[in-house]
Each structure stands twice: as C-alpha cells, then as structure tokens.
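A short worksheet on the structure shown next.
Chains as they are written, first to last, in my numbering: chain A, 1 to 470; chain B, 471 to 940.
Right under this line is the structure:
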C-alpha cells in the first residue's frame with residue numbers, strides 16, 4: 001500500500017516503524033503546542049545503518065526530512081511543516097549507551113538517548129554528566145547537540161557543544177561519518193563536529209555522540225542572595241568568579257517582578273527573601289562541606305560589606321537547595337499562568353547587561369504603557385530570558401497581536417547594537433529563520449548558504465529551518 | 471616597477487610594506503629551518519581593511535596566499551612553497567589589543583598580537599589568559615587559532631579553540647566577516663568560528679579574535695612524582711582528577727629515557743627524583759597556599775598508599791616550581807642535542823595509552839633493534855610526544871632515511887586503530903597533508919573538500935596545506 005517511497009520505507013524498517021495514520025500528534029505537534037504540522041510519514045529507525053538507508057531513500061525520492069529527538073524544542077525546528085511532504089525521522093528508538101570509559105572520562109551514546117539516561121549512566125560510574133535542563137527527562141542527546149543546548153551549568157561546564165568530543169552523523173547523501181572521537185586534542189583537518197552541532201538537522205543527522213564526563217564534586221552548596229539592583233548582581237558575579245573560579249557552578253538571576261509572579265501563582269513555594277530588587281541563585285562546588293561553606297561565606301561576606309548583597313540564605317540541606325532551585329525553575333510556569341507573553345532568549349556581554357536593561361526600562365513603556373517585563377536567566381553566561389507580559393488591563397492576545405513585532409524589533413535592536421545574540425540557547429528553527437536572515441551580516445549568511453549547499457545540495461535536510469529559502 | 475600585481479600591492483600598502491628582495495629568510499624559512507620556500511613577495515598590511523584589499527588583489531590576479539603569524543609552526547603551514555608564486559601575507563603589524571573587558575572576562579586582539587602580549591594585557595587587569603606555549607614570546611594569536619594550539623594548560627582551560635569566543639576573518643573573496651562575539655552563548659546559525667579555527671589559513675584569514683580570560687588562581691603549586699610505570703601514572707591521573715577536579719591545571723609525564731637525555735645534555739638541571747620509571751609533573755591551583763598544600767598532599771598520600779607513586783617532591787617556592795617545569799620544557803632541546811629524531815604528536819583516549827605503549831615496546835624494536843623512544847607529553851589530554859631516537863650506533867641521518875616511513879606507518883597504524891589522532895596539537899600543514907588524505911575516511915575528506923570549495927572556490931588560500939590537491 002502507499003507510494004513507492006512508503007513501500008520502500010516499510011521494506012527497510014518494517015511496517016511497525018513507519019507511521020502514516022492514527023494519532024500522530026506526538027510527532028507533528030511540539031510539546032508547547034505552538035507548532036502543528038503534517039507529516040508525510042514518521043520513520044523510526046533503530047540503527048545508524050537504518051537511518052542511512054532512510055536518508056538514501058529520501059534522497060532518491062526527493063523527500064524532505066525533519067529529524068526529531070524528544071520533541072522538546074522551543075523554536076519549531078523538530079516538527080514537520082504544514083506541507084504534508086516532510087518525513088519525520090524519529091531517533092527515539094536509538095537509545096543505547098554504547099560505552100562509558102571512566103579513565104577517558106567519556107560516554108558514547110546514541111542520538112535518541114534521553115539526557116537523564118546519560119546522567120544516570122555517568123552517575124553509575126561515580127561521574128557527572130553536567131548538562132542540566134528542565135526537559136532532561138524527555139529531551140535527547142541528539143537534539144541537545146543539534147540545538148547546542150545550554151541550561152543552568154554552562155558557567156562551569158559549557159554548552160552541549162563544549163561537552164561533546166565526537167559525533168557520528170548520517171550525511172545528506174546517506175553516508176555514515178564516523179567522527180566518534182574520545183580525544184581532547186585532534187588537529188587533523190576541519191572541525192566538522194562543531195559544524196554539525198547547532199545546525200538543527202540541516203547539515204546532517206546526528207546518530208551518536210561521544211560526550212565528556214566530569215568528576216562528581218565532593219560537595220555542592222546553594223544560596224539565594226538579595227541584590228538591590230542589576231549592577232549589584234553583576235558586582236556579586238565578579239566577586240564570586242574571582243574568588244570561586246571553577247567552583248562557581250551556577251549563577252542565576254531573578255528580577256523582583258518574576259518573584260511576585262511566583263508568589264501569586266505558586267504561593268506554596270517558600271520565598272526566603274523579603275521582596276528583593278533582584279534575587280541571585282548561586283551554586284558552588286567544593287571538596288567537602290566545610291570548604292564549600294567557608295568559600296561561600298567569604299564571597300557573601302565580602303559582597304555584603306560592599307553593599308552588593310542585602311540579605312542571603314544558604315541552603316542547610318539538600319531539600320532546601322532543591323527548594324531554592326524550584327523557585328528558579330518554576331518561573332516559566334508562573335508566567336504561563338499569568339498569560340501568554342512575548343519571549344526573548346538573549347545573550348549580551350556581561351558588561352553590557354545593565355545598560356541594556358536601563359534602555360529597555362526607559363523605552364519599552366513608551367511603546368506599551370504598563371507592560372510588565374519578566375526578567376530572569378543565566379547571568380553568569382550573559383544569557384537572559386527577557387519576556388514581556390501584557391499590561392494588567394490588556395488581554396494577552398491583544399497585546400501579542402498588536403505589539404509583538406514592534407517589541408521584538410526594539411528588544412533585538414538593542415541587543416544586537418551591544419554585540420548580543422537574539423537566540424542565546426534556543427536556536428533558530430522555524431521561529432527565527434526570518435530574523436536570522438534580517439540580522440546576520442550578508443557575509444555570514446553567504447558563508448552559511450554556501451556550506452549548506454556544499455553538504456546538502458538537494459536541500460532535503462530540515463528545509464526552511466535556520467536558513468530561510470534564498 | 472614589477473608586475474601589475476606588485477604595483478597594485480605597493481599602491482595599497484606602500485613600498486615599505488611589500489618586500490620582494492633582500493634577506494627574506496624570516497618569512498621564507500620556518501624557525502626550525504625544516505621548510506625553505508620562495509615567496510613572490512611579502513605583504514605586511516597594518517589593518518583588516520588592508521588585509522581585505524590584499525586578498526581582493528590576489529583574487530583578481532590569481533595569486534596564492536600563505537598567511538603568516540609568528541612563524542613558529544611545526545608543520546610547514548606558514549611558509550611559502552618552492553614555486554615562488556605564493557604571497558606571504560604577514561599579520562605581524564596587526565598587534566593591537568583592541569579591548570580588555572574585565573566584567574565579560576574577554577579580550578579582543580588583532581591576529582598579529584604576540585601570545586605573551588595578550589598574557590600581559592590580562593595580567594594588567596588581574597586576570598589570566600591561560601594559553602601557555604614554549605613559543606609564547608614569538609607566536610601570535612592568529613597563528614594559535616589557525617593551528618588550534620594546545621600547550622600545557624589544556625587539561626584545565628582547553629585548547630586555543632576553547633579559549634576563543636569570536637573571530638574577525640577576511641574571506642577568500644576579500645570580504646570582512648565580523649564575528650567578534652564576546653558571548654558565551656549564541657545559537658544563531660552555523661558555527662563559522664570553529665570552522666576557521668584549526669583550518670590553517672585555508673578557509674579565510676583570521677585578522678582578530680575575542681578570547682576568554684579567566685580569574686587568576688590564588689595559589690599555584692607544582693610537584694614532581696615518580697611512578698613505577700605508565701599504568702601507575704594513569705592511576706595517579708585518575709586520582710588527581712577525582713580529587714582536584716578543575717584544580718588540576720597540569721599533568722605532564724616524562725618517561726625515564728627522556729630524563730636520562732636531560733641528565734646527559736643538561737647536567738646543570740637538578741633532577742630531584744632518583745631514576746624513576748616515569749616522572750609526573752603535577753600543577754594545582756587553589757584559593758591559597760594552605761588549601762593547595764592540603765589538597766596536593768591528599769592526592770600524593772592516597773597515590774603513595776596505593777603504590778602509584780614511589781617518591782615525590784613538592785616545590786617549596788616559585789623558583790623551585792620553575793625548576794621542575796624547566797625539566798619538562800628542556801626535553802625538546804635535549805633530544806635535539808642527542809641528534810635528529812622521528813617525531814609523533816599523537817593523541818589517544820587515556821584508557822588506550824598503556825596498551826599502545828606496550829604494543830610499541832613489543833614491535834618497534836623488531837623493526838629497528840636498539841631504537842630509543844623518547845616519550846613525554848600532556849597525559850591529562852591523552853597527548854604524547856612519541857619520538858624515536860636512532861640506535862646508539864646508527865647515525866641519525868641513516869636512521870631517518872631508512873626507517874622513517876615504516877616507523878611512521880607502524881606508529882600511526884597503532885594510534886588510529888585505537889581511535890587516536892596522528893596530529894594532536896601541531897596540525898597538518900605541508901608535513902602531514904598526504905597522511906591526512908590517507909588516514910581520514912572518504913566521507914570526512916569529501917566533506918572537507920566540499921567546504922573548502924564552498925568558501926575558497928579559487929583555491930588561493932594556503933593551497934596544498936591541510937588538504938592535498940585532489
């Protein structure tokens with residue numbers, strides 16, 4: 001039954017692993033239900049060889065492919081478009097942890113391995129895989145790499161890119177590139193690995209990866225500090241980095257209004273600080289409890305003496321540390337309960353953040369009086385989630401409809417003028433492809449298009465994502 | 471006077487910055503005097519705009535270009551070939567430190583900035599630029615990035631690649647790509663930065679870079695430990711990493727015969743250990759002297775109790791630390807005094823190193839009885855300098871002439887069979903282009919060639935280096 005393409009696909013994967021009807025929402029709709037597409041079919045290969053066969057079939061029949069991992073992306077890069085022509089290539093059955101090498105501090109896993117499973121595999125060897133994301137129970141390593149995921153431990157351990165040593169990739173021509181290196185140093189030719197990382201499935205399909213593991217810290221300590229303003233929070237960051245160096249594993253900020261939203265929608269969450277201008281969540285790793293406490297108190301003492309910190313609580317137990325992190329992690333939900341908002345995932349040089357926020361404070365209200373910014377994020381990485389909630393008396397739908405384009409432009413103008421990024425960790429996908437074409441220099445765009453053309457001349461890998469049609 | 475090309479070049483840069491005769495050794499011969507080429511001319515632009523003009527002139531006149539920094543490369547990638555057709559494009563006049571941004575922990579420098587000058591600029595702000603190389607007084611940041619330089623601090627801070635946040639590059643078409651990002655996170659399109667890093671001037675010409683700075687450690691402690699064998703040294707590495715984590719900033723090994731060469735050629739260097747099988751140089755960073763000593767003694771005590779370490783000295787002063795490092799840094803000279811040898815700059819998964827050395831021990835002597843391996847390097851990165859000295863009674867010239875090809879093949883076969891690299895940190899250049907074509911998979915080679923063709927369709931950027939003619 002079906003077209004010659006579908007017949008060949010079934011012959012290759014077996015009927016059970018080619019889905020064409022029934023409820024396909026799990027593959028056609030992103031988890032936030034912002035993108036609803038329609039797939040030609042869903043292919044569920046179980047091995048690298050099967051992925052290569054599927055890609056060769058697609059090349060022969062000119063069928064565009066959207067690779068999909070845990071379908072937790074935020075920019076619509078992992079679901080099909082509305083054309084009904086795209087094949088969803090799900091990596092979900094490729095879940096193996098192929099090897100953990102404790103002496104080399106590496107693990108080789110397949111693309112569909114869920115992030116949490118890799119964390120657990122490292123843990124079983126007394127080691128740490130430090131990528132930490134809200135979606136870690138669902139998202140996959142392949143997707144983490146395709147989107148160069150960030151999260152809350154980037155300050156110390158880097159993004160998915162920096163945690164990856166080697167890749168296995170199926171090329172647009174359906175060949176297998178075995179670049180599964182476990183090497184820290186290898187200067188033999190061009191860096192193909194980093195070209196695939198962050199390319200969101202448009203240059204090749206990641207089927208496996210060798211990831212770095214780290215020693216597990218002896219002791220981790222979490223604190224929440226109140227800072228009177230963003231300048232003070234940046235001063236605290238400077239002090240914490242200088243004194244703790246690599247011991248500083250997290251430095252998150254939450255602006256006062258975001259804390260108010262938490263209080264409104266999650267009153268059961270204990271907020272230990274009294275209405276701070278900004279709250280800073282610090283996480284510190286050290287050899288043992290005593291040295292962790294000594295080092296953290298030195299930082300907080302110094303910062304308090306200099307007026308950077310007005311109040312602080314240090315978690316006295318693992319449960320208390322989890323409570324503090326829960327505040328940070330509940331903000332996305334709290335703002336969702338407050339109503340739809342306009343999101344910006346921006347990065348700036350740390351030295352430009354205060355000035356950026358001052359400009360936003362001075363200008364956005366002139367565009368939409370009463371608009372309410374929700375500001376939080378990874379200050380240590382210069383990465384803020386700068387979201388705009390409708391004025392109290394304006395329905396969210398009206399706010400988005402009338403003001404989203406102008407506000408996006410104003411925010412991104414201010415970001416780019418300071419050397420910043422309009423997509424720090426979420427990627428481009430379908431959502432920001434037009435913005436990328438507008439914002440990137442013609443030189444950069446031309447190079448990206450040339451590379452895309454060189455590696456995928458038929459243009460079948462996730463077309464329309466990252467780079468919009470020329 | 472001269473060809474239209476040279477006339478145009480002089481009009482662009484001024485007569486004084488276009489060299490065509492006189493003593494051109496400084497540009498035509500590499501510092502070890504292994505590669506002697508002949509240049510059409512040497513161009514010395516002083517700005518990015520001038521570099522772009524020179525490249526456009528070369529494109530118009532089909533003149534191949536070899537970019538050159540401090541001319542300290544080890545693989546002949548920075549000097550012209552013998553054709554007399556290549557233009558040497560020296561970045562030596564582009565030395566500015568454009569900006570140091572302490573809050574963002576970044577410095578933006580021009581490509582011709584000498585590594586030591588960047589170290590000094592960071593130091594002046596109480597910060598650290600951690601790239602550390604023997605050639606740091608001469609080599610330039612542009613060359614460090616073009617070759618993805620490594621050195622002795624990679625274990626903690628990464629290679630040049632990991633220290634770079636953004637680049638400014640003149641493309642093969644003579645356009646300027648301003649990718650000088652100071653961002654830790656930026657997921658807007660393909661990773662062009664990492665494509666240029668390590669491409670040895672074959673994809674574009676790096677004119678400036680934004681590099682990461684780090685907090686300066688409060689205290690640094692150095693020790694030399696005696697290990698009975700390579701397995702013990704790897705056991706010590708495992709223990710040191712687990713206990714010190716990011717506090718371990720260096721882990722170098724020196725095999726016994728290399729120490730004997732030091733004793734023979736540099737008898738004035740004090741060797742504090744008595745004829746160890748392997749010596750391990752450990753460097754540790756910590757908040758202060760007391761915690762550094764406590765942490766290091768815990769590692770050495772544990773390793774001694776388990777028989778991994780049989781003797782150790784801890785430097786009691788900065789001068790003593792320098793003496794220990796001098797042992798490590800004098801090995802290249804000691805082996806040169808012993809006579810020419812066959813060099814291998816290899817990387818392996820740490821877990822494969824002992825097995826590799828056992829195979830070498832068992833097989834190389836059957837090829838050349840009495841051959842003397844000089845083994846040392848960055849064990850923490852899996853990177854060994856595995857060099858082969860002629861048997862005592864064989865002239866080095868005869869040894870190289872008769873046995874170099876077969877020994878290279880045997881060593882690289884054993885490396886590649888274990889997932890290793892035949893060029894860990896020195897790059898490919900002219901020396902290893904043929905080896906790269908032999909050793910890389912056809913899939914990888916085809917992608918590299920496609921990328922080269924996409925970004926430099928005329929093939930004028932450092933032709934013949936990295937990728938040999940197809």
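Glycine included, C-beta positions come from ideal geometry on N, C-alpha and C.
Within the stretch 868–899 of chain B, the residues whose Cβ lies closer than 8 Å to any Cβ of chain A are, in chain order, 889, 890, 891, 892, 893, 894, 895, 896, 897, 898.
Rounded to whole angstroms, residue 566 of chain B and residue 607 of chain B show a C-alpha spacing of 16 Å. Bridge pairing for residue 597 of chain B: B:685 [DSSP].
Distance between residue 619 of chain B and residue 895 of chain B, taken at the CA atoms: about 6 Å. In the three-state scheme derived from DSSP, where H, G and I count as helix and E and B as strand, residue 709 of chain B is classed as helix.
Boundaries for residue 846 of chain B: no alpha helix (DSSP H) harbours it, while the beta strand (DSSP E) harbouring it runs 842–848, taken from the DSSP string. Pairing residue 107 of chain A with residue 213 of chain A gives a Cβ-Cβ distance under 8 Å. Any Cβ of chain B closer than 8 Å to the Cβ of residue 159 of chain A would place that residue at the interface, and such an atom is present. Within 10 angstroms of the beta-carbon of residue 432 of chain A lie 16 or more other beta-carbons, which makes it buried. Put simply, the CB of residue 654 of chain B is near chain A, with a gap under 8 Å to one of its CB atoms.
Separation of residue 353 of chain A and residue 685 of chain B (C-alpha to C-alpha, rounded to the nearest whole angstrom) is 20 Å. Think of a sphere of 8 Å around the beta carbon of residue 703 of chain B: no beta carbon from chain A falls inside it, the nearest being about 12 Å out. Unbroken beta strand (DSSP E) stretches of 3 residues or longer found wholly inside the stretch 55–137 of chain A: 65–68, 86–90, 97–101, 106–110, given in chain order. Residue 546 of chain B sits away from residue 497 of chain B, with the two beta carbons spaced by 8 Å or more. Checking the DSSP bridge columns, you'll see residue 820 of chain B has no partner listed. For residue 419 of chain A, the closest of A:227, A:206, A:94, A:346 by C-alpha to C-alpha distance is A:346. Bounds of any alpha helix (DSSP H) do not take in residue 636 of chain B; it lies within the beta strand (DSSP E) bounded by 634–640.
For residue 641 of chain B, the closest Cβ of chain A is nearer than 8 Å. About 4 Å separates the beta carbons of residue 757 of chain B and residue 688 of chain B, which is inside the 8 Å limit, making them a contact pair. A Cβ of chain B is located within less than 8 Å of the beta carbon of residue 104 of chain A. The beta-carbon of residue 847 of chain B is placed no less than 8 Å from the nearest beta-carbon of chain A. In summary, residue 477 of chain B is exposed, with fewer than 16 beta-carbon neighbours lying within 10 Å of its beta-carbon over all protein chains present.
Among the residues of the stretch 901–929 of chain B, those with a Cβ less than 7 Å away from any Cβ of chain A are 906, 910, 911, 913, 914, 917, 918, 920, 921, 923, 924, 925, in the order of the chain. Of the residues B:714, B:696, B:859, the one whose Cα lies closest to the Cα of residue 783 of chain B is B:696.
Separation of the CB atoms of residue 382 of chain A and residue 416 of chain A is rounded to 14 Å, and the pair is thereby denied contact status at 8 Å. Contacts with chain B at 8 Å (Cβ-Cβ) do not include residue 213 of chain A.
Sorting A:223, A:242, A:117 by C-alpha distance to the C-alpha of residue 293 of chain A places A:223 at the top.
Not a single CB atom of chain B sits nearer than 8 Å to the CB of residue 132 of chain A. Contact annotation: residue 378 of chain A and residue 220 of chain A have beta-carbon atoms that are not nearer than 8 Å.
Taking 8 Å as the CB threshold, residue 195 of chain A lines the interface with chain B. Within the stretch 383–451 of chain A, the runs of alpha helix (DSSP H) at least 4 residues long that lie entirely inside it are, in chain order, 396–417, 433–439. Under a criterion of Cβ atoms nearer than 8 Å, the residues of chain B adjacent to residue 245 of chain A are, in order, 684, 685, 687, 716, 755.
Residue 649 of chain B: member of the beta strand (DSSP E) spanning 646–649, first to last residue. Residues 129 of the same chain have their beta carbon placed closer than 6 Å to that of residue 119 of chain A, with the five preceding and five following residues left out of the count. DSSP, reduced to helix, strand and coil, places residue 721 of chain B within a strand of the structure shown. At a Cβ-Cβ threshold of 8 Å, residue 201 of chain A and residue 384 of chain A do not count as neighbours.
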